[in-house]
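What follows is a short report on a single structure.
There are 4 protein chains.
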Amino acid sequence: MTKEKILKAAINQYSIHNYHGATMKKIADEVNIKPASIYFFYKNKEELFLAAFKWILESHFNYIRNIVDEVSNQSILTIYQTIIQKTIAYHRERQNETNAYISLVNSPPVGIKPFLHDHMQRFDTWMEQTLIGKMQTEYPDISKEKAMRLTKQFLIIMDGLFWEINLYEKEELDKQMEYAISMMACLLREELK
Amino acid sequence: MTKEKILKAAINQYSIHNYHGATMKKIADEVNIKPASIYFFYKNKEELFLAAFKWILESHFNYIRNIVDEVSNQSILTIYQTIIQKTIAYHRERQNETNAYISLVNSPPVGIKPFLHDHMQRFDTWMEQTLIGKMQTEYPDISKEKAMRLTKQFLIIMDGLFWEINLYEKEELDKQMEYAISMMACLLREELK
Amino acid sequence: MTKEKILKAAINQYSIHNYHGATMKKIADEVNIKPASIYFFYKNKEELFLAAFKWILESHFNYIRNIVDEVSNQSILTIYQTIIQKTIAYHRERQNETNAYISLVNSPPVGIKPFLHDHMQRFDTWMEQTLIGKMQTEYPDISKEKAMRLTKQFLIIMDGLFWEINLYEKEELDKQMEYAISMMACLLREELK
Amino acid sequence: MTKEKILKAAINQYSIHNYHGATMKKIADEVNIKPASIYFFYKNKEELFLAAFKWILESHFNYIRNIVDEVSNQSILTIYQTIIQKTIAYHRERQNETNAYISLVNSPPVGIKPFLHDHMQRFDTWMEQTLIGKMQTEYPDISKEKAMRLTKQFLIIMDGLFWEINLYEKEELDKQMEYAISMMACLLREELK
DNA sequence: GATGAATGAGCATTCATTCAT
DNA sequence: GATGAATGAATGCTCATTCAT
Numbered sequence: 001m002t003k004e005k006i007l008k009a010a011i012n013q014y015s016i017h018n019y020h021g022a023t024m025k026k027i028a029d030e031v032n033i034k035p036a037s038i039y040f041f042y043k044n045k046e047e048l049f050l051a052a053f054k055w056i057l058e059s060h061f062n063y064i065r066n067i068v069d070e071v072s073n074q075s076i077l078t079i080y081q082t083i084i085q086k087t088i089a090y091h092r093e094r095q096n097e098t099n100a101y102i103s104l105v106n107s108p109p110v111g112i113k114p115f116l117h118d119h120m121q122r123f124d125t126w127m128e129q130t131l132i133g134k135m136q137t138e139y140p141d142i143s144k145e146k147a148m149r150l151t152k153q154f155l156i157i158m159d160g161l162f163w164e165i166n167l168y169e170k171e172e173l174d175k176q177m178e179y180a181i182s183m184m185a186c187l188l189r190e191e192l193k
Numbered sequence: 001m002t003k004e005k006i007l008k009a010a011i012n013q014y015s016i017h018n019y020h021g022a023t024m025k026k027i028a029d030e031v032n033i034k035p036a037s038i039y040f041f042y043k044n045k046e047e048l049f050l051a052a053f054k055w056i057l058e059s060h061f062n063y064i065r066n067i068v069d070e071v072s073n074q075s076i077l078t079i080y081q082t083i084i085q086k087t088i089a090y091h092r093e094r095q096n097e098t099n100a101y102i103s104l105v106n107s108p109p110v111g112i113k114p115f116l117h118d119h120m121q122r123f124d125t126w127m128e129q130t131l132i133g134k135m136q137t138e139y140p141d142i143s144k145e146k147a148m149r150l151t152k153q154f155l156i157i158m159d160g161l162f163w164e165i166n167l168y169e170k171e172e173l174d175k176q177m178e179y180a181i182s183m184m185a186c187l188l189r190e191e192l193k
Numbered sequence: 001m002t003k004e005k006i007l008k009a010a011i012n013q014y015s016i017h018n019y020h021g022a023t024m025k026k027i028a029d030e031v032n033i034k035p036a037s038i039y040f041f042y043k044n045k046e047e048l049f050l051a052a053f054k055w056i057l058e059s060h061f062n063y064i065r066n067i068v069d070e071v072s073n074q075s076i077l078t079i080y081q082t083i084i085q086k087t088i089a090y091h092r093e094r095q096n097e098t099n100a101y102i103s104l105v106n107s108p109p110v111g112i113k114p115f116l117h118d119h120m121q122r123f124d125t126w127m128e129q130t131l132i133g134k135m136q137t138e139y140p141d142i143s144k145e146k147a148m149r150l151t152k153q154f155l156i157i158m159d160g161l162f163w164e165i166n167l168y169e170k171e172e173l174d175k176q177m178e179y180a181i182s183m184m185a186c187l188l189r190e191e192l193k
Numbered sequence: 001m002t003k004e005k006i007l008k009a010a011i012n013q014y015s016i017h018n019y020h021g022a023t024m025k026k027i028a029d030e031v032n033i034k035p036a037s038i039y040f041f042y043k044n045k046e047e048l049f050l051a052a053f054k055w056i057l058e059s060h061f062n063y064i065r066n067i068v069d070e071v072s073n074q075s076i077l078t079i080y081q082t083i084i085q086k087t088i089a090y091h092r093e094r095q096n097e098t099n100a101y102i103s104l105v106n107s108p109p110v111g112i113k114p115f116l117h118d119h120m121q122r123f124d125t126w127m128e129q130t131l132i133g134k135m136q137t138e139y140p141d142i143s144k145e146k147a148m149r150l151t152k153q154f155l156i157i158m159d160g161l162f163w164e165i166n167l168y169e170k171e172e173l174d175k176q177m178e179y180a181i182s183m184m185a186c187l188l189r190e191e192l193k
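Chains as they are written, first to last, in my numbering: chain A, 1 to 193; chain V, 1 to 193; chain B, 1 to 193; chain R, 1 to 193.
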């Protein structure tokens, strides 16, 4: 219980101040314990943050996988739309985790890099293969190349929206989501011609 | 001269270690002076980093403006393509500034946020108006709405590529750029129908 | 049982790391219990170490007394020789206790000093009186002064060997023991002239 | 200046509390500076103590070498006597250095051991060869073996007195010194017969 | 312009100790 | 008897900053 609270506090502090600025005291304060108590649960700061980072990455991965699983029997366009909307919704709800994720991906603390790179690789591969698979199921005649292209383009758009989460106000971001979806619709139409 | 070197060192250290991890000593070491000497040029760490952040943002802004100016008499598709290619090329060349920029935008040190938000606003507004302007010059009949949509979509794609700079290897990123350009071509075709 | 194990572990840790470096955790680890459990047997660290020090001193005292008792009906030279050889043998076998004893005598933790001084006094007095007694039994005509001198000289030599236990390799130390014994033989010869 | 004071304070604190108990704060207090200031002169605690230990060993070595040099043209018995008296006098004057030396030799902090062992070896070798040399100069007919034996015996006695420095009161120790000197006289007489 | 020396504030971590279970 | 959980106090160390030179 306390252990879990510490983990969440670490993520929150990390999302605000980054690794170096997230001090054991700030984390302890958030959990209403003393810094020394953290060491009963985690060997040191590094171990705590390794646990936190793993949690963030896995949680992000699992969430997106769940979304995809839930809409897997729908049309590809609906899949795109759902992934976009639910991902943004998820990250809006859990702003601090998202910020932590973004910081983590963009400027990972030295020592996490290899672990992170491996995770990103796995995530991307899974996402690509899943989306390409769905596409080929729905449009068996589509060439592998076209399916691949559309998927990669979708990923660019997803990354773009991700980047914008923290920069745009709610209404603007909603508009951006619409633009993103209409973009995918347009690209799909073209590809299927 | 020394002042400028300090600024560059600050940016470099910031890009590697983030604000809290970028210490006056590390910066001084990079310039081959002692930490105390930095205070002859900058009142304190905050002022140094404020200067550094301004420099990064302006430098990024100016560069993109230059690109746009240079290709302003070309077709809108060429403009898109050039912005994409040159922006990526620029950021590849100056990895540390890019990293600093990305860190800065995604997890700005507390206290910089209002300044940063203002800058981003200005940049986005300028970018939008410029691109919409170009579009309307080339296609005087296009509706303002359509021009706006295409521009916003372009920005999503740009943001997506930006996010990917640090995550993808060179070859993959080149491929992503191609996909991005072909996307814009497709969207433009549709919009002009 | 556990209480005794804790005592031995305390001595061992003390012999390795000295008082300040011998932590309750290290001691607990050695006994395969948790630090909190030590407090069931000993009120605090100080009490534990007081017990440990008493044990070390008494054990050392008793051992030497036993040696002396065993050879008490032999000639004084044999007594010297036996004390030298058995003392060294004993301390070689129980290196950690010896180290603890040496540390204790040479740099006692503040607070133990008076207790230690008292013990040393008692030990020396006993040793002197015993050896002087033996001498006078064997050589009834010897002056008290001569007996005293020889005894004191023997103690210097014993102390010298003691100091060398940790500094010399086995073979060298064996040689030193021989030298020590031949020294006592020489001194005795002279004294009896 | 400050650097030197820190070194001396470190030695003093070490002599009282041993390595683990000699804290940077206690040392700083003794020099009337703040703990942080120590780090301007010494990289860390280990480096400070390495410097301190080297200083102690060298200072001890140099002092004894000077004594020996000063009396080198005197008779061997005078040499023994002078070494005994001056060594004890020196260590009485500088009690804390002596205590530090004793602690250091008997329970060296892990990491110093190899360095220390090497030093002791060199010191012993030098002492032996020097004394054997003097002996053979004064008594050219003496066998190497005899000279060696007497020297080693002298070292045992020296070690014994050393051990007793902290244990005996002034008057008792003076008496022990006398006994030691008369011992050497007796041994020498015998050896020359 | 530059730095040697110093420091207050803060940080990660350790450690002896406590206490409810 | 033993321990999980917690903590106050201290420890080694870093860092931004100051100031006299």
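The beta carbon of each residue, even a glycine, is placed where N, CA and C say it ideally should be.
Quick caveat: nothing in here was measured; it's all calculated off a predicted structure.
Query                                                                                                                                 : Result
Contact list for Lys113 of chain R against chain B, beta-carbon separation under 7 Å                                                  : The contacting residues do not exist; Lys113 of chain R stays about 11 Å from chain B at best.
Beta-carbon gap between Leu161 of chain A and Ile88 of chain A smaller than 9 Å                                                       : yes
From R:Ala51, R:Ile142, R:Met120, residue whose alpha carbon lies closest to that of Glu169 of chain B                                : R:Met120
Limits of the unbroken alpha helix (DSSP H) element including Leu167 of chain B                                                       : Unbroken run through Leu167 of chain B: none, as it is neither H nor E.
Inter-stretch contact at 8 Å, needing at least 3 Cβ pairs: the region 109 to 117 of chain V / the region 123 to 133 of chain A        : no
Closer than 9 Å to chain B by CB, His91 of chain R                                                                                    : no
Residue-level contact to chain V via CB, Met135 of chain A, 9 Å cutoff                                                                : no
Chain V within 9 Å of Trp55 of chain A, Cβ atoms only                                                                                 : no
At least 3 beta-carbon pairs within less than 8 Å: the region 62 to 70 of chain R vs the region 171 to 180 of chain B                 : no
C-beta neighbour in chain V for Asp159 of chain A, strict 9 Å                                                                         : yes
Partners in chain R for Trp126 of chain B, counting only beta-carbon separations shorter than 9 Å                                     : The contacting residues do not exist; Trp126 of chain B stays about 15 Å from chain R at best.
Touch test, the region 75 to 85 of chain A against the region 134 to 142 of chain A, Cβ-Cβ under 8 Å, three pairs minimum             : yes
4-residue-minimum alpha helix (DSSP H) runs that sit fully inside the region 32 to 66 of chain V, ordered along the chain             : 35 to 41
Same chain, Cβ closer than 7 Å to Ala9 of chain B, neighbours up to 5 away in sequence not counted                                    : Ile27, Glu30, Val31
Chain B within 9 Å of Phe162 of chain R, Cβ atoms only                                                                                : yes
Separation of Ile132 of chain R from Ala147 of chain R, as counted between CA atoms                                                   : 6 Å
Buried/exposed call for Asp18 of chain V, threshold 16 Cβ in 10 Å                                                                     : Here residue 18 of chain V turns out to be Asn, not Asp, going by the sequence shown. When all chains shown are included, Asn18 of chain V counts as buried.
Cut-off 7 Å between Cβ atoms - residues of its own chain near Thr130 of chain V, not counting five sequence neighbours on either side : Val68
Under the three-state DSSP convention, the category Met1 of chain B falls into                                                        : coil
Proximity of Ile11 of chain V and Trp55 of chain V at Cβ, strictly below 9 Å                                                          : yes
DSSP state of Ala109 of chain A mapped onto helix, strand, coil                                                                       : Note that residue 109 of chain A is Pro in the sequence shown here, rather than Ala. Residue state, collapsed to three classes: coil.
Same chain only: Cβ atoms within 8 Å of Ile16 of chain R, ignoring 5 sequence neighbours per side                                     : Ala22, Asn96, Asn99
Spatial distance of Phe40 of chain R from Lys34 of chain V (CA atoms)                                                                 : 13 Å
8 Å contact criterion, which Asn106 of chain V and Asn166 of chain A should meet: CB distance rounded                                 : 7 Å
Straight-line Cα distance separating Tyr42 of chain A from Met1 of chain A                                                            : 13 Å
Min CB distance Ile11 of chain A to chain V below 9 Å                                                                                 : no
Under 7 Å by beta carbon: chain B residues contacting His17 of chain R                                                                : His20
Identity of the residue in R:His91, R:Tyr179, R:Ile38, R:Leu192 nearest Gln81 of chain R by Cα                                        : R:Tyr179
Near-chain R residues of the region 168 to 190 of chain B (beta-carbon distance less than 7 Å), N- to C-terminal order                : Gln176, Tyr179, Ala180, Met183, Cys186, Leu187, Glu190
Helix, strand or coil at Ser75 of chain V according to DSSP, with G and I counted as helix                                            : coil
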